[in-house]
Amino acid sequence: MSVSKSRILIADPDPDVSETLQLYFSANGHTVQMVHQAQEIVKTARQWQPNAILVSTELTDKNPHQVCRELLEDTLTAHIPIIMLLHLDERRARLEALETGVDDIVTKPIDIEELRLRVEAAIRLSTLRLAI
């Protein structure tokens, strides 16, 4: 699969952020689906099988770190790279994300081009792991 034709699930409660990311990734050849609540992430990921998941720490209906743990423990979603979006000053959240086992962390405000490159790199690595 070409990285440019990947499916990306974006979970961010801020409509401005999620819509900007959707427009940018779509313009770069990706298919995007958005959710605005943490409780929707696992269900959507299991059904849609994205190639990468972006999870914001700003989700408030459920602990986003717990959601990432659920994704990593689920046999249907454990192979999907997870990238957490968080604020630079959230040291505790960064450490918890790394302990949880997410694939990468990107800080807000987001450098959208850097995020795209990180997402595509995570997808490439995931594809290589699955091929082994």
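Quick note on this note's numbering: the sequence shown kicks off at 21 and runs consecutively.
Virtual Cβ for every residue (Gly too), placed ideally from N, Cα, C.
The structure presented is a predicted model; accordingly, all values stated were derived computationally and were not measured.
Next on the checklist: Using C-beta distances below 6 Å, list every residue in its chain close to Asn71, excluding the 5 sequence neighbours before and after it, in chain order.
Outcome noted: So the list reads Ser26, Arg27 and Ile143, once near-sequence residues are dropped.
Checklist entry - Which same chain residues, not among the five before or five after Trp68, have their C-beta less than 8 Å away from its C-beta? => result A distance below 8 Å between beta-carbons, with the five flanking residues on each side excluded, links Trp68 to the following residues of its chain, in chain order: Arg27, Leu29 and Gln53.
Checklist entry - Span of the beta strand (DSSP E) holding Leu118? => result Segment Arg111 to Thr120 is the alpha helix (DSSP H) holding Leu118; no beta strand (DSSP E) there.
Checklist entry - In whole angstroms, what separates the C-alpha of Lys128 from that of Leu135? => result If I take the Cα positions, the gap works out to 10 Å.
Item to check | Pick from Arg114, His99, Pro84 and Leu92 that is closest to Glu60, judged by C-alpha positions | outcome: Taking only the C-alpha atoms, the option nearest Glu60 is Pro84.
Item to check | Straight-line Cα distance separating Glu90 from Ser38 | outcome: Roughly 22 Å separates the two Cα atoms.
Next on the checklist: On the DSSP bridge list, what partners appear for Ile30?
Outcome noted: Ile30 is bridged by DSSP to Met54 and Leu74.
Checklist entry - Is DSSP giving Thr127 helix, strand or coil here? => result Here Thr127 sits in strand by DSSP.
Checklist entry - If Val62 sits next to Asp94, beta carbons under 8 Å apart, how far is it from one beta carbon to the other, in whole angstroms? => result Contact flag correct, Cβ pair sits at about 7 Å.
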